[in-house]
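**Student:** For the sequence shown, this note's numbering gives the first residue as 138, with consecutive numbering after it.
We put the CB at the ideal spot given by N, CA and C, even for glycine.
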Amino acid sequence: SLADLRRRCDGIEAIDGLEVMGKPAMSVFAYTSRVLDIFAIADGLEARGWHVSRDSHPIRSIRFMQSAGHEPFVDAYLADLREVAELVRSGQLTSDGGQATYT
């Protein structure tokens, strides 16, 4: 729902250093960081079992597609994202060099 989308976007932007790109009106959006290695964040989320889509154009970002089935997992995703962002911020987690792939 639009309310779940807004809750997820607001939750992402509440994490210091992360920003949602644009003003999403539908279920697909991307978020990035100007201060944290976004691909290190992607690695950390993947290590916790989340499927992560990486984009590199126009800038490195994580692309997210939300469906109605995701609603029960919003809080868990945001909690993991907060923890992973802190690990990246503290230098405890760095990127393994993975790149965006387009198929």
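Taking DSSP as the reference, what is the three-state secondary structure of residue 152?
**Tutor:** Along the sequence shown, one-based indexing puts residue 152 at 15. Residue 152: coil per DSSP, three-state reduction.
**Student:** Name the DSSP bridge partner or partners of residue 157?
**Tutor:** One-based indexing of the sequence shown puts residue 157 at position 20. According to DSSP, which records beta bridges pairwise, residue 157 is partnered with 168.
**Student:** Tell me whether residue 200 sits in a helix, a strand or coil according to DSSP, three-state version.
**Tutor:** Taking the sequence shown and counting its residues from 1, the one referred to as residue 200 is at position 63. DSSP places residue 200 in strand when its eight states are reduced to three.
**Student:** Mind reading off the beta-carbon distance from residue 293 to residue 183? Whole number of angstroms is fine, and I expect it under 8 Å.
**Tutor:** Here the chain has residues from 138 to 240 only, and residue 293 is not among them.
**Student:** From residue 224 to residue 163, what does the alpha carbon distance come to, in whole angstroms?
**Tutor:** Translated into positions along the sequence shown, residue 224 becomes position 87. Translated into positions along the sequence shown, residue 163 becomes position 26. Each residue's alpha carbon lies about 30 Å from the other.
**Student:** Considering just the uninterrupted stretch of the alpha helix (DSSP H) at residue 212, what are its terminal residues?
**Tutor:** Sequence index remark: in the sequence shown, residue 212 carries index 75 (1-based). From DSSP, the alpha helix (DSSP H) with residue 212 extends over 211–226.
**Student:** Under 8 Å: do the region 226–235 and the region 204–211 share three or more Cβ pairs, one atom per stretch?
**Tutor:** Contact between the region 226–235 and the region 204–211 is absent, because fewer than three Cβ pairs lie under 8 Å.
**Student:** Is residue 222 closer than 9 Å to residue 142 when the C-beta atoms are compared?
**Tutor:** On the sequence shown, residue 142 is found 5 positions in, with the first residue counted as 1. On the sequence shown, residue 222 is found 85 positions in, with the first residue counted as 1. Cβ atoms of residue 142 and residue 222: not closer than 9 Å.
**Student:** On the DSSP bridge list, what partners appear for residue 174?
**Tutor:** Residue 174 sits at position 37 when you count from the first residue of the sequence shown. Looking at the DSSP assignment, residue 174 forms no beta bridge with any residue, so it has no partner.
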